[in-house]
Amino acid sequence: MSEEIELSLNEYEALLNKAAVGSGLSWGIAEDAAACGAWFMSFGVNELDTWIEHLHDKRFWIDYCKKIDQPSSNKLSNIFDLAALVYVRPEKKVQVNNYEWTGEELIINGYKQTPSFRACLSEKQFKILNKYAYKTYAPATDESRLSGAGAGLSDND
Amino acid sequence: MGSMHQSRLSFLRQFLRRASKQNWKFNRDLFEIDARGLGTALYRLSTPLRDYTLVCFSHDLPDEMRSDRVIASAWDATFTLYDGRPSVDDIKRLNQHVPYQEEGRLTQNELCLSRANRSVRLWDYVLNRLAEGKQPNLDRIKDVGYLMRTTAVYGSGKFGTADRRVVENREEANSPFQLEMMTVYLIRTFVMDLIEHLAEMKNPERAVKLDGSIRRSFGVGNSTGLGMAPFLINHPRLIHNWFEAKENAIATVKNVEDATQTEISIFKELVTRLKPHLKAWQSEHPVQVKKNLVLEKDIEKLEDKLEGFNFHIKFPWKTLCDWSEKELSIEGQEMLNSLVLEPYGHLIDNFGDQMSCDEAKLFPINGDMTVESVKSTIEAYYSWALEIDWSDPSCNARAWYTSEEKLEPRLGERFEVPELNEYEQALQPGRDVARAYANLCELEPKTPLASFLTVYPEHRHIIRRCLTCGELPFSEIRDNTIDSSMLPIDMLRAKLSFFGACHFDPRSDRWVRINMFKGAPFPDDLSSGSDPEDWIWAP
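Following this line, the structure appears as structure tokens:
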């Protein structure tokens, strides 16, 4: 069995953001996609496999963002639609399939989910996210090591 | 931004004020360190409601491995701030992670992660003097001002530490960076204890402790690199609150109609500290050297002005600040802006409570807004960006990117290394606004914003930013962050002044050395009634 990785929720959202950019989503859409994934995780709900499946579907995330920007256009068909609606209208009760938002709590299959500031993901999921996130990092060169970070003078005194 | 100074609202000032007011208790729970400097120490601060413990791991680092760069892999001392009192098992666990810093993993019980290096210029000198039973020479230590320098202080969920959301409702942690300030403050105490301890181990018969006043003259150094600069761009709502609080404080003092004799005396006494403070402000960087020369003249001008100044006129502080705008450099004006706040804690300290911000949620985009209305917001708030000629290579010279090696922000020359374009981060609001504006102009004015963003998803981040910043006048650096002449050290200085740093010493255009808590009372001093405010502008 693979090891479970625990991140702070902040780290998790930042990693999702980078993974989304790395997979080709625009900066702004990546922010919303990451917030969506982090929202589920803030209730201890790991919807990461589905989230990752959608990573290459730019249209999916453009539509997702439109549902946030114009909540009235949001026809609830999947759990991401629920997340989008709760994001803009948290006070509103909403249900999609077996997921229910009461205005304060997330209930799945009748069970209340416990809020958490930690993110637990499988090693496999963590590796996939990092694989995408790494696409946002520029390969290091000696030049960048020196000039990019601004070293040059002695830093040891 | 590149001329700002610490003030009463700075985060370390807020921290000390709260610690003193609430009479926080201090305990050194453990200090087991051998003659080579290897071992563990625990420093605990107890607020009325809870404990915080700085867990210190002291190492014996060969000189050649000592580097302030974020790419370093070993340090003289490593630290974590533990939420509560760690058990023996906790300390064992932390010892397997904290010394490795970014390579280790922390838990929600840890609030900050930090490390520090000894000052090569001072450490051995001070150690040997103490071991010989002598005090160090004041002039020699003034040039440096610290015995150790932190090279990073991480918090808010980084490397597994607790998210800000875990602690933000605690009164002592609500203002920005309060736990980071606590960490650095306790590190300072540890460093002083460590050098005295090592001197005693070296020469038990003759070694002495530092004289109280010399001890207090040491702060904690800090090296801050480029990594801190994007913070100012990435947190517009938070940054707005910082600047607004300071501006409100200055406006409040300028509105004081009559100054009392006590208020005048506090101000005048502080002015006498400026010259010695400046004398101890060492820098070799041409930009700072020049600024300090001008500042020296500014201080003389201020002293001359005060000679004949009648404080008993109406609105004396406004009169002085108005005068400074005509007579002093920006550096001098900013110094005065901070100074006039000092006598007015009773009027302005409460602005410190408004400097934090709930950033957990993204700013919503109202998709029903029209393109016309978004354009108006941009024209009103980003006219400076629309006026820049972005086709001029010098205006679009740099690219912010993240290095694969250490996952840290860097700044490169776009036209020299074209591959960087592929990795560019969203840290150039000016250019991105101009690009979005050009596309907005292509659409019918009544088009809903949501439709625009469906066609141009690449502009989503900057549209969100415009809508956020359009409501918050201090949220945006109204300048080009990728211009060939942009100096990242200016951004670093602004942020560090809000931390409460002094003696800014740029070491290049993108990293700066500073001092924190220099002259401040130690925890023991605070418990015995030492004034938490009256140490600033220390030499």
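In the order they appear, the protein sequences are chains A and B.
Its first residue numbered 1, the first sequence is counted upward by one per residue in our numbering.
Its first residue numbered 1001, the second sequence is counted upward by one per residue in our numbering.
C-beta: ideal position from N, C-alpha, C; glycine also.
message: Give me, in chain order, the residues of the same chain whose beta-carbon lies closer than 7 Å to that of L1016/B; leave out the 5 immediate sequence neighbours on both sides.
response: For L1016/B, the CB contacts under 7 Å within the same chain, skipping 5 residues up- and downstream, are A1520 and P1532 in chain order.
In DSSP terms, what W1400/B is bridged to: In the DSSP output, where bridge partners are listed per residue, W1400/B has L1411/B.
Where the beta strand (DSSP E) through S1376/B begins and ends: From DSSP, S1376/B is part of no beta strand (DSSP E) but of the alpha helix (DSSP H) over V1371 to Y1381.
query: How many whole angstroms separate the CB atoms of S116/A and G37/A, which I take to be in contact at a CB cut-off of 8 Å?
result: Rounded, the Cβ-Cβ distance is 14 Å, inconsistent with contact.
- prompt: H1113/B: which of M1001/B, R1028/B, G1104/B and V1340/B sits nearest, CA to CA?
  reply: Residue 1113/B is actually Leu in this sequence, not His. That would be G1104/B, whose Cα lies nearest to the Cα of L1113/B.
query: First and last residue of the alpha helix (DSSP H) that includes I1462/B?
result: Run containing I1462/B: R1460 to C1469, per the alpha helix (DSSP H) assignment.
Own chain residues within Cβ distance below 6 Å of D1258/B, not counting five before or after: Close CB contacts of D1258/B within its chain, under the 6 Å cut and outside five residues either way in sequence, are absent.
task: Decide if K75/A is buried, meaning its Cβ has at least 16 other Cβ atoms within 10 Å, or exposed.
output: K75/A counts as exposed, since fewer than 16 other C-beta atoms from the protein chains shown sit within 10 angstroms of its C-beta.
query: By the criterion of Cβ-Cβ separation under 8 Å, what are the contact partners of A159/A in chain B?
result: In the structure as shown, chain A begins at 1 and stops at 157. Residue 159/A is therefore absent and cannot be evaluated.
query: For G1352/B versus L1009/B, is the C-beta spacing smaller than 7 Å?
result: In this structure, the beta-carbon distance from G1352/B to L1009/B falls below 7 Å.
- request: Answer yes or no: do I79/A and Y64/A have a C-beta to C-beta separation smaller than 7 Å?
  value: Result no, Cβ atoms of I79/A and Y64/A do not sit closer than 7 Å.
- request: Would you list the residues sitting across from F1031/B in a DSSP beta bridge?
  value: The secondary-structure analysis by DSSP pairs F1031/B across a beta bridge with A1041/B.
task: At 4 residues or longer, and completely inside the region 1143–1187 of chain B: list those alpha helix (DSSP H) runs for me, N to C.
output: For the region 1143–1187 of chain B, whole alpha helix (DSSP H) runs of length 4 or above, ordered along the chain, are 1164–1167 and 1171–1174.
query: Listed from N- to C-terminal order along the chain, which residues in the region 1421–1444 of chain B have their beta-carbon within a distance smaller than 7 Å of any beta-carbon of chain A?
result: Listed by position, the residues of the region 1421–1444 of chain B near chain A (Cβ gap below 7 Å) are Y1423 and A1426.
field: S1451/B (DSSP reduced to helix, strand or coil)
entry: DSSP places S1451/B in helix when its eight states are reduced to three.
query: Are there three or more Cβ pairs, one per stretch, closer than 8 Å when the region 1233–1248 of chain B is compared with the region 1471–1479 of chain B?
result: With three or more CB-CB distances shorter than 8 Å, the region 1233–1248 of chain B counts as touching the region 1471–1479 of chain B.
query: Hey, is S1403/B's beta-carbon within less than 7 Å of any beta-carbon in chain A?
result: Yes, S1403/B counts as interfacial toward chain A.
query: Which residues mark the beginning and the end of the beta strand (DSSP E) in which I108/A is found?
result: Counting along the chain, the beta strand (DSSP E) containing I108/A begins and ends at L106 to I108.
query: When you compare only the Cα positions, how much space is there between A1173/B and W1537/B?
result: In a straight line, the C-alpha of A1173/B is about 26 Å away from that of W1537/B.
- prompt: Terminal residues of the continuous alpha helix (DSSP H) containing A35/A?
  reply: Where A35/A is concerned, the enclosing alpha helix (DSSP H) starts and stops at W27 to M41.
- request: Compile a chain-ordered list of the residues in the region 96–112 of chain A whose CB is closer than 8 Å to at least one CB of chain B.
  value: Within the region 96–112 of chain A, no residue has a Cβ that lies closer than 8 Å to any Cβ of chain B.
query: Do you know offhand how far K58/A's Cα is from N1421/B's?
result: Straight-line spacing of the CA atoms in K58/A and N1421/B works out to 21 Å.
- request: Report yes if the C-beta distance between N1203/B and C1357/B is below 7 Å; otherwise report no.
  value: Contact: no.
message: Looking at the secondary structure, which residues open and close the alpha helix (DSSP H) in which W1481/B lies?
response: Position check: residue 1481/B holds Thr in this sequence, whereas Trp was assumed. First-last for T1481/B: undefined, no H or E at that position.
field: Cutoff 7 Å; reference T1047/B; Cβ partners in own chain excluding five residues on either side
entry: These residues qualify, in order along the chain: Q1022, W1024 and E1172.
- prompt: Distance, Cα to Cα, H1097/B vs V1417/B?
  reply: In this structure, the CA atom of H1097/B is about 37 Å from the CA atom of V1417/B.
- prompt: What is the DSSP secondary structure of A83/A, counted as helix, strand or coil?
  reply: Looking at A83/A - three-state DSSP - the assignment turns out to be helix.
- request: Take E1263/B as the anchor and find which of Y1185/B, Y1125/B and L1347/B has the nearest alpha-carbon.
  value: Comparing Cα-Cα distances from E1263/B to each of Y1185/B, Y1125/B and L1347/B, the minimum goes to L1347/B.
message: Let's test the definition: count the other Cβ atoms within 10 Å of the Cβ of H1312/B and tell me whether it reaches 16, buried, or not, exposed.
response: It counts as exposed.
query: What is the rounded straight-line gap between the Cα of L16/A and the Cα of A35/A?
result: Cα to Cα, L16/A sits roughly 8 Å from A35/A.
task: Measure the Cβ-Cβ separation of G28/A and R1164/B and say whether it is below 7 Å.
output: When the beta-carbon positions are compared, G28/A and R1164/B stay at least 7 Å from each other.
Member of P1488/B, A1426/B and D1479/B whose CA lies at the smallest distance from the CA of E1458/B: That would be A1426/B, whose Cα lies nearest to the Cα of E1458/B.
- prompt: Could you give the residue range of the alpha helix (DSSP H) that holds R59/A?
  reply: Segment K58 to D69, the alpha helix (DSSP H) holding R59/A.
query: Under 7 Å Cβ-Cβ, which residues of chain B neighbour E31/A?
result: For E31/A, the chain B residues whose Cβ falls inside 7 Å of its Cβ are L1362 and H1461, in order along the chain.
- prompt: Is any beta-carbon of chain B found at less than 7 Å from that of D69/A?
  reply: Yes, D69/A lies at the interface with chain B (some Cβ there is under 7 Å from its Cβ).
Whether L1411/B touches S1020/B by CB criterion (7 Å): No; because the gap between Cβ atoms is not below 7 Å, this pair is not in contact.
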